[in-house]
Amino acid sequence: RGGVVRRLVEVGVHIADVSYFVRAGGVLDGEARDRCTSVYLVDRRLDMLPSLLSEHLCSLRSGAERFAVSVLWTLDEDSLEVVDLWFGRTIIRSRHQLHYHQAQDVLDQRPPAPGDELPPPDLPPLLFGLQFLDRLTCSLRARRQQAGALELASAELRFKVDSCGRPTEVVNKSKVPMMDVVAEMMIAANAAVAERIATTFPGAALLRNHPPPRSEAFEQVRPLLEGSEGPSSSTTAPQPGGSVPPAPPP
Numbered sequence: 035r036g037g038v039v040r041r042l043v044e045v046g047v048h049i050a051d052v053s054y055f056v057r058a059g060g061v062l063d064g065e066a067r068d069r070c071t072s073v074y075l076v077d078r079r080l081d082m083l084p085s086l087l088s089e090h091l092c093s094l095r096s097g098a099e100r101f102a103v104s105v106l107w108t109l110d111e112d113s114l115e116v117v118d119l120w121f122g123r124t125i126i127r128s129r130h131q132l133h134y135h136q137a138q139d140v141l142d143q144r145p146p147a148p149g150d151e152l153p154p155p156d157l158p159p160l161l162f163g164l165q166f167l168d169r170l171t172c173s174l175r176a177r178r179q180q181a182g183a184l185e186l187a188s189a190e191l192r193f194k195v196d197s198c199g200r201p202t203e204v205v206n207k208s209k210v211p212m213m214d215v216v217a218e219m220m221i222a223a224n225a226a227v228a229e230r231i232a233t234t235f236p237g238a239a240l241l242r243n244h245p246p247p248r249s250e251a252f253e254q255v256r257p258l259l260e261g262s263e264g265p266s267s268s269t270t271a272p273q274p275g276g277s278v279p280p281a282p283p284p
């Protein structure tokens, strides 16, 4: 209208389609069910699936075609309005496999660390994509928080070990904003898939609903807070379905 051209951007979240290699009821499926998850120890990792799959065939490596399950949004570049949403199986070939700090350096337009150099012609489109994702995820996060989302802060720990494999030091993994960008897009993908399942297959949807907090749980933790700094020890336990009253001013 009025000669204004609407600019659209496609954003996708892709995960490896492990089901292409692991057939339901097969030996690999049975072993994965028994293990349930990959276990990370101080000096090693016990994979749920063989490393041939987890580290190679199901790893979305740059320049390699991989089977994936994808969520694709078509968005208005200016308003971020969702114009179209698509779910399906895909074959993708990632152009770059960036680690968090490398992507953050591109977004901040800082010189790359040794070994993180990228072809100069690839930088402008990559910078545009990361800037758009940064703007999009800021908007998504604001909407979630306005809707009452609960943010749980946590730290990822790394262990240093000696020559005998014994832990000698615990360090916090350094965090960069790009980690939140990726996390926010994963939340968006999970929410979109859950909404589609709930509306299209309501009889097969599993929805988890957390009950209100129990007053007894607050009473159990109260002794641990006695004598601590701040007003925590005087906070009144909420009634079921209610909220925690505001703490008195210091």
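Just so it is clear: in the sequence shown, position 126 is 160 by our numbering, and no numbers are missing.
All C-beta atoms, glycine included, are put in the ideal place defined by N, C-alpha and C.
- For Asn243, no alpha helix (DSSP H) run applies, since DSSP gives it neither H nor E.
- Annotation: Gly59 is outside any beta strand (DSSP E) and is labelled neither H nor E by DSSP.
- In the displayed model, Leu186 falls within coil according to three-state DSSP, outside both helix and strand.
- Within the region 176–237, the complete beta strand (DSSP E) segments of 3 residues or longer fall at 191–195 and 201–206, listed in chain order.
- DSSP places Thr71 outside both helix and strand once states are collapsed to three, so it counts as coil.
- Here Arg79 is exposed. Its C-beta has fewer than 16 other C-beta atoms within 10 Å.
- For Glu250, there is no enclosing beta strand (DSSP E); the residue is found in the alpha helix (DSSP H) stretching over Ser249 to Leu259.
- For Glu99, same chain residues with a beta-carbon under 8 Å away, outside a window of 5 residues either side, are Ile125, Ile126 and Arg127 in chain order.
- In this structure Ala223 does not touch Val38 by the C-beta definition: roughly 30 Å separates them, more than the 8 Å allowed.
- Distance from the CA atom of Asp112 to the CA atom of Ala251, rounded to whole angstroms, is 47 Å.
- Close CB contacts of Asp77 within its chain, under the 7 Å cut and outside five residues either way in sequence, are with Val195 and Gly199 (chain order).
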